[in-house]
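>
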Amino acid sequence: MTSRSPVRRLALGALAAGLLAAALPATVPAATTGAVEPVSISLPPGIFTEIPPEIVPGGLRLSYYLTTERSARCDVPGDMTPVSGRPVDCQAPGRSVPQGAADYLASPPGRMPSGRAHRRSYFGIFSADQTPAVGGTATLVAATHGENKNVRRSGLTYPNSIYRGVDAEAPPRGKCLSGPDAAGIYRDCDAGYSTFVGTAVAPVDAASNWGLTMPVDQGPAVWPIGGYSAVGGLFRLSHGVRHPSIVTGGDGYLYMFYYDSGLEPGGVREGFRVARAPVGQRGRGWKTWVQSRGEWIDSLPREQRGPGTRPEALPRRSPAAASTELFPSGSTVMTVARVAGRRGFVAIDQGPVAGQDCRAASGRLEERSATRLRVSPDGVRWSAPVELSGPDFDGCDFFTSSRLTYPRFMNLQGTSTKEVALDDFFLLGTQYGGRVWRVRVKAPELAAQLPVSLGNPIPLPDRPAVSAVPADGG
């Protein structure tokens, strides 16, 4: 095997970046939107839709992933979709199963890793996709968003275990608790707030009822560029990584897009990053793209191996600490899907616009929030953004007034949130309090920026119609 020097790798990476960036038009195409309409979902007990459902197709069933501070999976007949006119019924017997896959406050499931560093006060499946069969069995890979923070529930206070210098209730630094404010709006105390992105996997076969089973936690998948905390937790290095979006690329890799809040003295900024792993690794082996080197670098420090979060790893930087944001953005939320009939991805990001202030209803001056679409042929280089307009896409008081927060793509048939045709598709979103809405979007000019695909070279398997759910949907 021949090797290339770091200088050579840098030169090739820079050349490839320049060529592909030049291939993406600098002009911003148009997108049109329709009316915002409600989506009816009857939810399992203890679950509300803080983010829109993830819909993963498989044979004659659809799998809905429903997430708040924990998650549930709901399997329904394939004709029960958000565009069918029928309520999505997740309350029928045998249709849903809890999907929490790690320590949850003080009561961890027995088979999951324990320990203070791994404790989560929020642990939800933010994204999931079914990989092609490797070795005869397909795998459900879920990307998890976990929060470790000071929180009070049922009269008990659960302190964070990452930033030991931030007390939940006592002086000298004062009270720092996440929860509803005086107006009933939930707000996090940032000083004691850290986030983790991991994966959880389940086989998709008859023995697992085609994936309708508890996934096994694989531990953290990616790591912040600056680490979490130092000096025994007395010094914060970053708030961590969060809001993952996972998608099978059709090239033998899973892609994970996530937000990194790390800050580096050398000027590496917080922002969105991308990691990938071979589908055969089943949720492990992630490498983050480092633009300056033109290659994929291990996402986790060597001190962080296996399930759980290891205290000795908290001060460590990611080996891919030189990675930079995928594109300039003040957003912290991004969702990605494959583009049908094209080679590449589409992303939607949502968040504040730097330097554009507006007056909130409370009278407080805030940054205006915006919602933008972009496309990429490879998940690394992205087009100019298409900004969507309207009160549900931009404005002040956005995350409490918009009906389309945490947006997610959905195809026109309502059967998948993993692949859409940009000529005509839906966005799903949620309103503060948990109601789900949809809006129809057309962006054909955006699709035209991607090369035409001859088809996915690794077809996803059809799941046989074998399930605890009766065929008639009852």
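Sequence positions in the sequence shown follow this note's numbering and run 4 to 477. Beta carbons: idealized from backbone N, C-alpha and C, even for Gly.
#1: Using the three-state DSSP reduction, which class does Leu449 fall into: helix, strand or coil?
#2: Just to confirm my understanding: we take Ala424, look at its own chain, exclude 5 residues before and 5 after, and list those with CB closer than 8 Å. What are they?
#3: Is DSSP giving Ala203 helix, strand or coil here?
#4: Thinking Pro410 and Thr312 are a contact (beta carbons under 8 Å), I'd like their distance in whole angstroms, please.
#5: How many Å lie between Asn151 and Pro314 at the Cα?
#6: In angstroms, rounded to a whole number, what distance separates the CA positions of Pro304 and Ala120?
#7: Could you tell me whether the stretch 182-195 touches the stretch 152-166, where touching means 3 or more Cβ pairs closer than 8 Å?
#8: Starting from the N-terminal side, write out each stretch of the beta strand (DSSP E) that is 3 residues or longer and does not extend beyond the stretch 290-370.
#9: Could you give the distance in angstroms between the alpha-carbon of Ala146 and the alpha-carbon of Pro206?
#10: Excluding the 5 residues flanking Pro442 on each side, which residues of the same chain have their C-beta closer than 8 Å to its C-beta?
#11: To the nearest angstrom, how far is it from the Cα of Ala324 to the Cα of Gly229?
#12: Give me the Cα-Cα distance between Tyr231 and Ile165, rounded to the nearest whole angstrom.
#13: Which residue comes first and which comes last in the alpha helix (DSSP H) that contains Ser404?
#14: Using CA coordinates, which residue listed in Glu422, Ser326 and Pro322 is at the minimum distance from Gln307?
#15: Let me make sure I understand the geometry here. Which of Val378, Ser124 and Ile50 has the alpha-carbon closest to that of Glu448?
#16: Alpha carbon to alpha carbon, what distance is there between Arg371 and Asp360?
#17: What did DSSP end up calling Ser248 once you bin it into helix, strand or coil?
#18: By the three-class DSSP mapping on this structure, what secondary structure does Gly274 have?
#19: Measuring only the C-alpha atoms, how far is Arg327 from Val293?
#20: Name the DSSP beta bridge partners of Arg287, please?
Reading from the atomic positions:
#1: Helix at Leu449.
#2: So the qualifying residues of the chain are Val342, Ala343, Gly344, Asn414, Leu415 and Ala450.
#3: Shown here, Ala203 sits in a strand according to DSSP, grouped into three states.
#4: Not really, about 29 Å apart at Cβ, beyond 8 Å.
#5: Going by the C-alpha atoms only, they are around 13 Å apart.
#6: Distance between the alpha carbons of Pro304 and Ala120: 16 Å.
#7: In short, these stretches touch, since the Cβ pair count reaches three.
#8: Annotation note: the stretch 290-370 contains the following uninterrupted beta strand (DSSP E) runs of length 3 or greater, listed N- to C-terminal: 290-293, 298-301, 336-342 and 348-362.
#9: Looking at the backbone, the Cα of Ala146 and that of Pro206 are separated by about 15 Å.
#10: Per the sequence shown, residue 442 should be read as Val rather than Pro. So the qualifying residues of the chain are Thr36, Gly37, Ala38, Val39, Glu40, Asp395, Leu407, Phe429, Leu430 and Gly432.
#11: Ala324 and Gly229: Cα-Cα distance of roughly 7 Å.
#12: Going by the C-alpha atoms only, they are around 7 Å apart.
#13: Per DSSP, Ser404 belongs to the alpha helix (DSSP H) from Phe401 to Ser404.
#14: Per the Cα distances, Pro322.
#15: Nearest C-alpha to Glu448 among Val378, Ser124 and Ile50: Val378.
#16: Looking at the two C-alpha atoms, the distance is approximately 5 Å.
#17: Strand, per DSSP.
#18: Strand.
#19: What sits at residue 327 in the sequence shown is Thr, not Arg. The C-alpha of Thr327 lies about 7 Å from the C-alpha of Val293.
#20: Its beta-bridge partners do not exist; DSSP assigns none.
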